[in-house]
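Presented below is the structure to which this report refers.
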Amino acid sequence: MKYGLKKETLKTISHAISKVRSIEKVVLYGSRAKGNYRTGSDIDITLFGKNLTMNNSVYPLMDELEELYLPYTFDISIFEHIDNENLIKHINRVGKLFYEREKGLPDGRGVKKLGDVRGA
Numbered sequence: 001m002k003y004g005l006k007k008e009t010l011k012t013i014s015h016a017i018s019k020v021r022s023i024e025k026v027v028l029y030g031s032r033a034k035g036n037y038r039t040g041s042d043i044d045i046t047l048f049g050k051n052l053t054m055n056n057s058v059y060p061l062m063d064e065l066e067e068l069y070l071p072y073t074f075d076i077s078i079f080e081h082i083d084n085e086n087l088i089k090h091i092n093r094v095g096k097l098f099y100e101r102e103k104g105l106p107d108g109r110g111v112k113k114l115g116d117v118r119g120a
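For the sequence shown, full-length UniProt numbering assigns the number 1 to the initial residue and increments by one for each residue that follows.
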């Protein structure tokens, strides 16, 4: 189980992300990225894309994830909007690439890879 999540759960979350066209990349951070998560740990993700706002990315993604009825809570942020320098350093240090949309596939079909953000 990668990040303490079943493979099917990872695919389901990635599919939900792919439906929000403004999101180009998602990075997982926090305890799940570090590997010290516990049962019930939340899923911390930060979003990347052009001109992301709460209305065109976070709220639509929250709606998609809510419909999945997963037993997890999500902490979702937009990387460019984070002003906490320690959090930015943490994401850059431990963040793992969770989702990246393939170029030319804006219709929600484009999961490029799951992996390490530093390799992106």
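Just so you know, even glycine gets a beta-carbon here, dropped at the ideal spot from N, CA and C. This one's a predicted model, so the numbers in the text were calculated from it and none came from an experiment.
Straight across, the Cα-Cα distance linking I45 with M1 is about 18 Å. The beta carbons of L61 and V20 sit about 5 Å from each other, so the pair counts as a contact at 8 Å. As the crow flies, the alpha-carbon of L47 is around 23 Å from that of R38. In this structure, the CA atom of D42 is about 7 Å from the CA atom of D75.
Each residue's CA atom was taken as its position, placing G40 and L68 some 16 Å apart. D42 sits in coil when the DSSP states are folded into three classes, being neither helix nor strand.
Taken in chain order, the unbroken stretches of beta strand (DSSP E) that lie wholly in the region 55-86 and span 3 residues or more are 74-78. The closest CA to that of L87, considering only Y3, S31 and L10, is found on S31.
Residue environment: Y59 is assigned as exposed (fewer than 16 neighbouring CB atoms within 10 Å of its CB, all protein chains considered). Per DSSP, E24 lies in no alpha helix (DSSP H) and is assigned neither H nor E. If you draw a straight line from the Cα of A16 to the Cα of K7, it comes to about 14 Å. Put simply, the backbone Cα of E102 is about 9 Å away from that of K25.
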